[in-house]
Each structure stands twice: as C-alpha cells, then as structure tokens.
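Here the protein sequences line up with chains B and H, keeping their order.
In terms of my numbering, the first sequence opens at residue 8 and continues consecutively.
In terms of my numbering, the second sequence opens at residue 39 and continues consecutively.
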Amino acid sequence: ASNGGLVRIGLKKRNFDQNNRVAAELESKEGGARRTSIRKYYLRG
Amino acid sequence: NSGDPEDIDIVSLKNYMDAQYFGEIGIGTPPQKFTVIFDTGSSNLWVPSSKCYFSVACYFHSKYKSTSSSTYKKNGKPADIHYGTGAISGHFSEDHVTVGDLVVENQEFIEATREPSITFLVAKFDGILGLGFQEISVGNAVPVWYNMVKQGLVKEPVFSFWFNRNADEEEGGEIVFGGVDPNHYKGKHTYVPVTQKGYWQFDMGDVLIDGQTTGFCASGCSAIADSGTSLLAGPTTIITEVNHAIGATGVVSQECKAVVAEYGETIIKMILEKDQPQKICSQIGLCTFDGTQGVSMDIKSVVDDNTRKASGGLHDAMCSTCEMTVVWMQNQLKQNQTQDRILTYVNELCDRLPSPMGESAVDCGSLSSMPNVSLTIGGKVFDLRPEQYVLKVGEGDAAQCISGFTALDVPPPRGPLWILGDVFMGRYHTVFDYGNQRVGFAEAA
Numbered sequence: 008a009s010n011g012g013l014v015r016i017g018l019k020k021r022n023f024d025q026n027n028r029v030a031a032e033l034e035s036k037e038g039g040a041r042r043t044s045i046r047k048y049y050l051r052g
Numbered sequence: 039n040s041g042d043p044e045d046i047d048i049v050s051l052k053n054y055m056d057a058q059y060f061g062e063i064g065i066g067t068p069p070q071k072f073t074v075i076f077d078t079g080s081s082n083l084w085v086p087s088s089k090c091y092f093s094v095a096c097y098f099h100s101k102y103k104s105t106s107s108s109t110y111k112k113n114g115k116p117a118d119i120h121y122g123t124g125a126i127s128g129h130f131s132e133d134h135v136t137v138g139d140l141v142v143e144n145q146e147f148i149e150a151t152r153e154p155s156i157t158f159l160v161a162k163f164d165g166i167l168g169l170g171f172q173e174i175s176v177g178n179a180v181p182v183w184y185n186m187v188k189q190g191l192v193k194e195p196v197f198s199f200w201f202n203r204n205a206d207e208e209e210g211g212e213i214v215f216g217g218v219d220p221n222h223y224k225g226k227h228t229y230v231p232v233t234q235k236g237y238w239q240f241d242m243g244d245v246l247i248d249g250q251t252t253g254f255c256a257s258g259c260s261a262i263a264d265s266g267t268s269l270l271a272g273p274t275t276i277i278t279e280v281n282h283a284i285g286a287t288g289v290v291s292q293e294c295k296a297v298v299a300e301y302g303e304t305i306i307k308m309i310l311e312k313d314q315p316q317k318i319c320s321q322i323g324l325c326t327f328d329g330t331q332g333v334s335m336d337i338k339s340v341v342d343d344n345t346r347k348a349s350g351g352l353h354d355a356m357c358s359t360c361e362m363t364v365v366w367m368q369n370q371l372k373q374n375q376t377q378d379r380i381l382t383y384v385n386e387l388c389d390r391l392p393s394p395m396g397e398s399a400v401d402c403g404s405l406s407s408m409p410n411v412s413l414t415i416g417g418k419v420f421d422l423r424p425e426q427y428v429l430k431v432g433e434g435d436a437a438q439c440i441s442g443f444t445a446l447d448v449p450p451p452r453g454p455l456w457i458l459g460d461v462f463m464g465r466y467h468t469v470f471d472y473g474n475q476r477v478g479f480a481e482a483a
C-alpha cells in the first residue's frame, strides 16, 4: 500500500526444497556445454 | 544481446533455481496478476504469454492475454534471454503495469512464448521483474523502475529490500519503492558508490573467517547486490578456505595435492625471499605470466605454436591451483605459521575445493562450532553467523544443511567478483539509491 510516498510490496518466501535441487541437478547436466563455453570466454577475456 | 560480451558473461551466471522471494504485480487493464521475482541482477520484465503453446512451463503458470487488456499496445520486437539456468524467448509488448497501488503506464515487457528450461517449469514464480540498470536490459527496454521515476510515481528515486529470514514467520519480506521502511533496519546504512552501471556493483574489501583475513580480497574485489540470487558466490580461493573452516564437503583435487607435494616448499621459500607473488607460478613453470595474471602453459603453447593443440585441462588446473596455493601460503605466513603447519593446512584445503556454482553440504549439528564469516564493505565489517549462512533443506530427521557459499570465478578486469544474494541481503537491509548511484547496507530488523 502507498503511505507517505512509499509503495510497499509484500514478498512471499519459498523454502529450499528437494524438488528444486533435483531440478537443479538436471539443469546443470543440460547446461554443461554452455558453462564450458563461458569458461572459455573467461580465459580469452 | 547488446553485442557486448562483457554483459553476456555475468547475466549467464544467474541462477533462478534457488530464488526464494517473490511478489505480485498486475499487467494490463484490468490487471492480470503475476508472481514475479524482484531481481536487482537483471533489468527486463517478462511473464509467460497466452501464445506460449509448446513449453510445458507455461501451462503451470499465469499467462498474459493481450486481447483481454484495453491498454495493450503491440510492439512485436523479438526477445531472447539466456540465464545460467534457464532461458526464455518471445516478443516485446507494451501495457500498464500495476505495482502495489501504482500504475506504470506504457511499460515495455517481454511476453515469453517459449520457456524450454526445467528452471521455469518447477519455479514458484511466473516471471521476473528486473531492477538493474538499462545498460544490461535486453533489447535496451526501459526498466519498470525507470518509468516509475520518470512518471513521478515515487517520492525519492530509491528502493529498498527487507527479507524476513525468520523461518517460523510467514511474512517473506518487503520491497519499498520510493524510500526505506525504518521498521526494518537498525542503526545507519553504510553506503558505497556504484562502480559499474548495469549491475548494482560496488567495491568490496577483505573477507574474514573468525576475524582472520583470507587475503584474496584484501587489495579489493567487486561485488553485486543481487536479490535474484539466493546464495553468496565468491572466488574459489576464499570459498575453499570457508569450506575448510565450516567442514563443508568439497571436491578432492589431485592436481592441488600434486602442486603442494611437489612445489609447496619451493613456493614458501619464494614468498619468504620476497619474490613477486604473482610471478611465482610462472617462475616454477606452472603458468606463463602475462603481466596481470597467470596464463596456463596450455594456452601459451597454442599461442606460441599454432600447430600444437592443447592437451587437456591438467596444466590449466595446475596453474590456477598454484595461484590459489600462493595466496593461501602468503596468508598463513602472515599469521606466523610454521612450514609444516602451512603444508598440512594447504593440503587439507585441497580436499575442500568447491565445484563451480555447486552446493556444499555441512553438518547441521555443528553450527555452534562454525566461525563467523565477515565481508568488508565501505570500510565496515559485515558479519554473518553460521545460522545466517547455512540453509536448511527439509525438516526433522530428513533435514540437510547446505552452505550459503558457492564458488564463482570471474577474472580481472570485471573480477574477482562476489554476488551478494539473499543470504547476505537477508541479514542486511539493502537500499538501492538510484538518485545518488549508491548501495547501502544496515542490520535488518
């Protein structure tokens, strides 16, 4: 709500959960090639 | 997207998988509701489009339907964002965006028509609202925050974050546009100037473990305050020391052990003889010194002789390990440790190397014996206690604990770089002062 020129937005919170960790593992396999290219870029840079 | 590779590298490292805090906005007239991450580490607004048919993620989230909005304006310019985890593509549109009771008119945003990644399939949020600078905005789109200021919707060009780290309370936190909420911090903020516009980037000093220097950032590092990242990411050299101090799992590195066994004593001798520390690894033949940092022998061989091919990452790993070893040993010598003690300690560090951007488990029962880890910002020391930097996953007997620290190596001139995510912003109320181009931290309340 707006109050004295301030706009406050309440935030919701999610706890770390196992589903996300499993998904992160899958994602890291999918993203493996991309990360390698990032590392190469770093060395060039 | 801007064609500047400097922009691309760090955006690519973002990890929304672990993002924890999100709020609600509306798009269109009447407002269509979306849950978004308020992300200071990016600058675009995107939500799933009703025209997203071929990505499963779109079927699990709210979708924007332009035909249902009386204020929609067509744009159609294509858009494509790749993150470290996840990617989206679609097209730009314009509509009114409702944030709290403010209505930002004619806001450019991306209607995502493809969200192929698992990240967004399992995500609790629908989209992302970037609060970074326009310099890193894909398509050079004007960020929502810029329009809030331009349209005179906020009193001051400032926004601030408070994250509620109390796990027992339902209230997640609060973002305040136009100023700060004095109920959510104690004392005064310590402000530091933004050093590189794009991200909320600033200079950071030494990192301390139980009050002792870790050395690597003593002469300065950069840091980005990033509400869209959960953990605290920093250079491997320091994270390894943190892992050792808190008993976090690591990757055992044989290259590291080989460097310590073969060259450990020589490195100590060379440091004591006041050789230039940054040249030690080239002098013993593990790196080629290029004037600013070590370059692995592999790369040198390719540069010197195009007919030769790099034979793998072994020498590369030896070079970076050697450089880390020099920092660790220098630091131990400053603390007047004996040679035997230094070699043992560095050998132990070789068992604690973090996997890049990976998680490290810690013992939930050992929190009381873990040290404080502190970051120096604007000459002031900002402490993190174990219960603040260790995250609990699951409940009861099934609970697991993971370290809030993860490794991220960015070379100069942009690095060494720290990403201060929710783990840090939860402990310290953070002010993003757009008018004065500075970031402020005070103890959260």
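The beta-carbon is built from N, C-alpha and C at its ideal position, and this holds for glycine as well.
Helix, strand or coil at residue i [DSSP, three-state]
{"i": "arginine 152 of chain H", "result": "strand"}
{"i": "asparagine 82 of chain H", "result": "coil"}
{"i": "valine 141 of chain H", "result": "strand"}
{"i": "methionine 463 of chain H", "result": "helix"}
{"i": "glycine 441 of chain H", "result": "The residue you asked about is not glycine; residue 441 of chain H is serine in the sequence shown. Serine 441 of chain H falls in the strand class under three-state DSSP."}
{"i": "lysine 295 of chain H", "result": "helix"}
{"i": "isoleucine 322 of chain H", "result": "coil"}
{"i": "phenylalanine 479 of chain H", "result": "strand"}
{"i": "cysteine 255 of chain H", "result": "coil"}
{"i": "histidine 129 of chain H", "result": "strand"}
{"i": "glycine 211 of chain H", "result": "strand"}
{"i": "tryptophan 456 of chain H", "result": "strand"}
{"i": "leucine 191 of chain H", "result": "coil"}
{"i": "arginine 15 of chain B", "result": "strand"}
{"i": "aspartate 313 of chain H", "result": "coil"}
{"i": "glutamine 368 of chain H", "result": "helix"}
{"i": "glycine 285 of chain H", "result": "coil"}
{"i": "glycine 429 of chain H", "result": "In the sequence as presented, glycine is not what sits at residue 429 of chain H; that position holds leucine. DSSP places leucine 429 of chain H in strand when its eight states are reduced to three."}
{"i": "tryptophan 183 of chain H", "result": "helix"}
Local Cβ density within 10 Å of residue i, reported as buried at 16 or more and exposed below that
{"i": "proline 491 of chain H", "result": "Outside the shown range of chain H, which is 39 to 483, sits residue 491 of chain H, and nothing can be said about it."}
{"i": "glutamate 153 of chain H", "result": "buried"}
{"i": "tyrosine 48 of chain B", "result": "Since pLDDT at tyrosine 48 of chain B reaches only 29, below the 50 mark, its modelled position is unreliable, and the value read off the structure follows with that caveat. Burial call: exposed."}
{"i": "arginine 379 of chain H", "result": "exposed"}
{"i": "glycine 216 of chain H", "result": "buried"}
{"i": "serine 291 of chain H", "result": "buried"}
{"i": "lysine 20 of chain B", "result": "buried"}
{"i": "alanine 483 of chain H", "result": "exposed"}
{"i": "asparagine 82 of chain H", "result": "buried"}
{"i": "threonine 105 of chain H", "result": "exposed"}
Cβ neighbours of residue i in the same chain (closer than 6 Å, five flanking residues each side left out)
{"i": "threonine 275 of chain H", "result": "Phe254, Met362 and Val365"}
{"i": "threonine 252 of chain H", "result": "Val245, Ile276 and Glu279"}
{"i": "glutamate 397 of chain H", "result": "Ile440"}
{"i": "arginine 423 of chain H", "result": "Asn410"}
{"i": "isoleucine 75 of chain H", "result": "Ala57, Phe60, Phe163, Ile166 and Gly266"}
{"i": "lysine 235 of chain H", "result": "Phe171 and Glu173"}
{"i": "serine 100 of chain H", "result": "Phe72 and Asp164"}
{"i": "valine 419 of chain H", "result": "Ser412"}
{"i": "leucine 269 of chain H", "result": "Gly442, Thr444, Gly459 and Val461"}
{"i": "leucine 140 of chain H", "result": "Leu191"}
{"i": "serine 107 of chain H", "result": "Gly66, Thr67 and Asp133"}
Contacts of residue i in chain B (Cβ-Cβ under 7 Å)
{"i": "aspartate 248 of chain H", "result": "Result: empty, since nearest Cβ-Cβ is about 26 Å, beyond 7 Å."}
{"i": "isoleucine 277 of chain H", "result": "Correct list: empty, because the minimum Cβ distance to chain B is about 17 Å."}
{"i": "histidine 386 of chain H", "result": "At residue 386 of chain H the sequence reads glutamate, which differs from the histidine that was named. Here the premise fails: no neighbours, minimum Cβ distance about 26 Å."}
{"i": "glycine 66 of chain H", "result": "Going along chain B, no residue has its Cβ under 7 Å from glycine 66 of chain H, so there is no contact; the nearest lies around 18 Å."}
{"i": "valine 297 of chain H", "result": "Under the 7 Å cutoff, chain B gives no residues; its nearest Cβ is about 19 Å from valine 297 of chain H."}
Neighbourhood of residue i by C-beta distance below 7 Å, restricted to the same chain and skipping five residues each side
{"i": "threonine 136 of chain H", "result": "Ile63, Gly64 and Pro69"}
{"i": "aspartate 241 of chain H", "result": "Val230, Thr233, Gly258 and Ser260"}
{"i": "isoleucine 305 of chain H", "result": "Ile318, Thr363, Val364 and Met367"}
{"i": "valine 14 of chain B", "result": "none"}
Listed by chain order, chain B residues near residue i by CB distance under 9 Å
{"i": "tyrosine 59 of chain H", "result": "Leu18, Lys19, Lys20 and Arg21"}
{"i": "glycine 210 of chain H", "result": "Gly17, Leu18, Lys19, Lys20 and Arg21"}
{"i": "asparagine 202 of chain H", "result": "Leu18 and Lys20"}
{"i": "isoleucine 213 of chain H", "result": "Val14, Arg15, Ile16, Gly17 and Leu18"}
{"i": "valine 192 of chain H", "result": "Gly12, Leu13 and Val14"}
Chain-ordered chain B contacts of residue i [CB-CB under 8 Å]
{"i": "asparagine 221 of chain H", "result": "None at all; the shortest Cβ gap to chain B is about 10 Å."}
{"i": "glycine 493 of chain H", "result": "An answer regarding residue 493 of chain H cannot be provided, because it is not within the stretch 39 to 483 covered by chain H."}
{"i": "glycine 236 of chain H", "result": "Per Cβ cutoff of 8 Å: no residues; glycine 236 of chain H is ~16 Å from chain B at best."}
Chain-order list of residues whose beta-carbon lies under 8 Å from that of residue i (same chain, five-residue window excluded)
{"i": "glycine 432 of chain H", "result": "Gln438"}
{"i": "tyrosine 472 of chain H", "result": "Trp183, Val187, Pro195, Val196 and Phe197"}
{"i": "valine 142 of chain H", "result": "His134, Val135, Thr136, Val182, Asn185, Met186, Gln189 and Leu191"}
{"i": "glutamine 370 of chain H", "result": "Arg379, Ile380, Tyr383 and Val384"}
{"i": "isoleucine 309 of chain H", "result": "Pro315, Ile318, Val364, Met367, Gln368 and Leu371"}
{"i": "lysine 111 of chain H", "result": "Ser131, Glu132, Asp133 and Asn144"}
Legend entry - chain B contacts from the stretch 133 to 157 of chain H (Cβ-Cβ distance under 9 Å): From the stretch 133 to 157 of chain H, only Val137, Gly138, Asp139, Leu140, Ser155, Ile156 and Thr157 have a Cβ closer than 9 Å to chain B.
Inset, instruction - Please list the residues of the stretch 161 to 178 of chain H that have a C-beta atom closer than 7 Å to any C-beta atom in chain B, keeping them in chain order. - result: Listed by position, the residues of the stretch 161 to 178 of chain H near chain B (Cβ gap below 7 Å) are Lys162.
Inset, instruction - Output, in sequence order along the chain, the residues in the stretch 395 to 415 of chain H whose CB is closer than 7 Å to any CB in chain B. - result: Here the close residues number zero.
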